[in-house]
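In my numbering, the protein residues as written are 118 to 224. Even glycine gets a Cβ: it sits at the ideal position worked out from N, Cα and C. Note that this is a predicted model, so its numbers are computed, not measured.
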């Protein structure tokens, strides 16, 4: 699996993304899943304002970024990228391309 074979359809809702997904996946090399929302679970680490929580998410994100600054030997973004790609791996079983169509990624 290569990250170049992971395709994201990013759009505003009701903009024709499902139609585009159907066109692109109409072959035997492409697997797709409508709106798995996989990456939305990680957005609060990049921008805490997108997440509503019972705890102070901005404070948690600031503390986490402070931790990363103190431990520069961790290549967190590389590790997170590898983890996320591993999440998509099962969809590549027998396919060359994978499409993730989650319109809310536009945020």
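DSSP three-state assignment for residue 148, whether helix, strand or coil: Looking at residue 148 - three-state DSSP - the assignment turns out to be strand.
In terms of residues, what are the limits of the alpha helix (DSSP H) holding residue 179? From DSSP, the alpha helix (DSSP H) with residue 179 extends over 174-187.
Mapping the DSSP letters down to three states, classify residue 127 as helix, strand or coil. In the three-state DSSP reduction, residue 127 falls in the coil class, being neither helix nor strand.
Among 181, 160, 149, 219, which residue has its Cα nearest to the Cα of residue 122? Of 181, 160, 149, 219, the residue nearest in Cα terms is 149.
Own chain, CB closer than 8 angstroms to residue 206, minus 5 neighbours either side, in chain order: Hits under 8 angstroms: 118.
How big is the Cα-Cα spacing for residue 211 and residue 165? Rounded to the nearest whole angstrom, the CA to CA distance from residue 211 to residue 165 is 37 angstroms.
What is the rounded straight-line gap between the Cα of residue 186 and the Cα of residue 180? For residue 186 and residue 180, the gap between their C-alpha atoms comes out near 10 angstroms.
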